[in-house]
Amino acid sequence: MPGLIIKPWFTYDANEPLPENPVRGGKYTDGSILYAGRSYYAGDLLPAMIFINHLNFGTVARVSHNGREITQEHGFEILLPDGLYVWRSESNGGIPFRAIEIGHTVDREVLYLGRGRHQGAVIVGKVHPSHNCLYIPFGGREIALRQYEVFKHWGLIINFFLANYIEFYWKNRLMRDKQRALA
Numbered sequence: 147m148p149g150l151i152i153k154p155w156f157t158y159d160a161n162e163p164l165p166e167n168p169v170r171g172g173k174y175t176d177g178s179i180l181y182a183g184r185s186y187y188a189g190d191l192l193p194a195m196i197f198i199n200h201l202n203f204g205t206v207a208r209v210s211h212n213g214r215e216i217t218q219e220h221g222f223e224i225l226l227p228d229g230l231y232v233w234r235s236e237s238n239g240g241i242p243f244r245a246i247e248i249g250h251t252v253d254r255e256v257l258y259l260g261r262g263r264h265q266g267a268v269i270v271g272k273v274h275p276s277h278n279c280l281y282i283p284f285g286g287r288e289i290a291l292r293q294y295e296v297f298k299h300w301g302l303i304i305n306f307f308l309a310n311y312i313e314f315y316w317k318n319r320l321m322r323d324k325q326r327a328l329a
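Per the working numbering, residue 147 is the first one in the sequence shown, and the count goes up by one each step.
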């Protein structure tokens, strides 16, 4: 299975402020921004929708498991970016090259971070390849979607060229600045 493992996680506990620049995953039906995360539940490490709960001024993680939406207030992790990432359209269990391995089932099947559209919202959830779908937590239930997007690394080759270009630019700029100072 094509995938990368990333390690920029912030372990969150109730009523802490959100870390800077968490990965935005979507928007809820009320327009609230949803963030990407993960949480353990029943032996699974599940991709999670991080939701700022304005009613009680707390932040919670919502995961889908065994047909239900589960809300957790403690011990979940929020994803922080450590590179360049994009969302790529997929369907029916498809996983793109360089998709991010974000969790696993108790049976060690890899789960990926995905998001899908449902009732006017873009909801973060788990891509479960052997089930050929994305599962999202919504309205107290686990909803299966066949069309979705998968969170993936933009590409190591592109990053390599981008890094070389930036290095080339700054070396040339420093050289020009030195030449101007000497003139």
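Where a beta carbon is used, it is the ideal one built from N, C-alpha and C, also for glycine.
All values reported here derive from a predicted model rather than from experimental measurement.
Whole-angstrom distance between residue j and residue i, CA atom to CA atom
{"i": "Y158", "j": "R326", "result": "51 angstroms"}
{"i": "G172", "j": "L180", "result": "5 angstroms"}
{"i": "W300", "j": "E219", "result": "31 angstroms"}
{"i": "P154", "j": "H211", "result": "24 angstroms"}
{"i": "A267", "j": "Y187", "result": "24 angstroms"}
{"i": "L226", "j": "S235", "result": "21 angstroms"}
{"i": "T217", "j": "G204", "result": "12 angstroms"}
{"i": "K298", "j": "I224", "result": "16 angstroms"}
{"i": "F222", "j": "L328", "result": "57 angstroms"}
{"i": "I241", "j": "L257", "result": "10 angstroms"}
{"i": "V296", "j": "A245", "result": "7 angstroms"}
{"i": "L109", "j": "P168", "result": "Because the chain spans 147 through 329 in this model, residue 109 falls outside it and cannot be assessed."}
Chain-order list of residues whose beta-carbon lies under 6 angstroms from that of residue i (same chain, five-residue window excluded)
{"i": "L280", "result": "G260, G262, G271, V273, L291 and Y294"}
{"i": "G286", "result": "E215"}
{"i": "G213", "result": "E288"}
Same chain only: Cβ atoms within 8 angstroms of residue i, ignoring 5 sequence neighbours per side
{"i": "S276", "result": "G239 and E255"}
{"i": "H264", "result": "I282, F284, I289 and L291"}
Outcome for residue i when other beta-carbon atoms lying within 10 angstroms are tallied against a minimum of 16
{"i": "D176", "result": "exposed"}
{"i": "R208", "result": "buried"}
{"i": "V206", "result": "buried"}
{"i": "E166", "result": "exposed"}
{"i": "N161", "result": "exposed"}
Candidates the options: closest to residue i by CA position
{"i": "H250", "options": "R184, I289, L164 and L328", "result": "R184"}
{"i": "I196", "options": "V232, P163 and D228", "result": "P163"}
{"i": "S237", "options": "V252, L230, N278 and A245", "result": "N278"}
{"i": "F156", "options": "W233, A245 and D228", "result": "D228"}
{"i": "I269", "options": "A245, G213 and Y174", "result": "Y174"}
Beta-ladder partner(s) of residue i, from DSSP
{"i": "G172", "result": "L180"}
{"i": "Q218", "result": "A207"}
{"i": "Q293", "result": "S237"}
{"i": "R263", "result": "V268"}
{"i": "S157", "result": "Contrary to the premise, residue 157 reads as Thr rather than Ser in this sequence. According to DSSP, T157 bridges with E223."}
{"i": "L192", "result": "S185"}
{"i": "L280", "result": "V273 and L291"}
{"i": "V252", "result": "Its beta-bridge partners do not exist; DSSP assigns none."}
{"i": "E247", "result": "Y258"}
7 angstroms Cβ shell around residue i - same chain, five flanking residues per side excluded
{"i": "I248", "result": "R184, P193, L257, Y258 and L259"}
{"i": "G189", "result": "V252"}
{"i": "L191", "result": "R184, G249 and H250"}
{"i": "V232", "result": "K298 and W300"}
{"i": "R170", "result": "I179 and Y181"}
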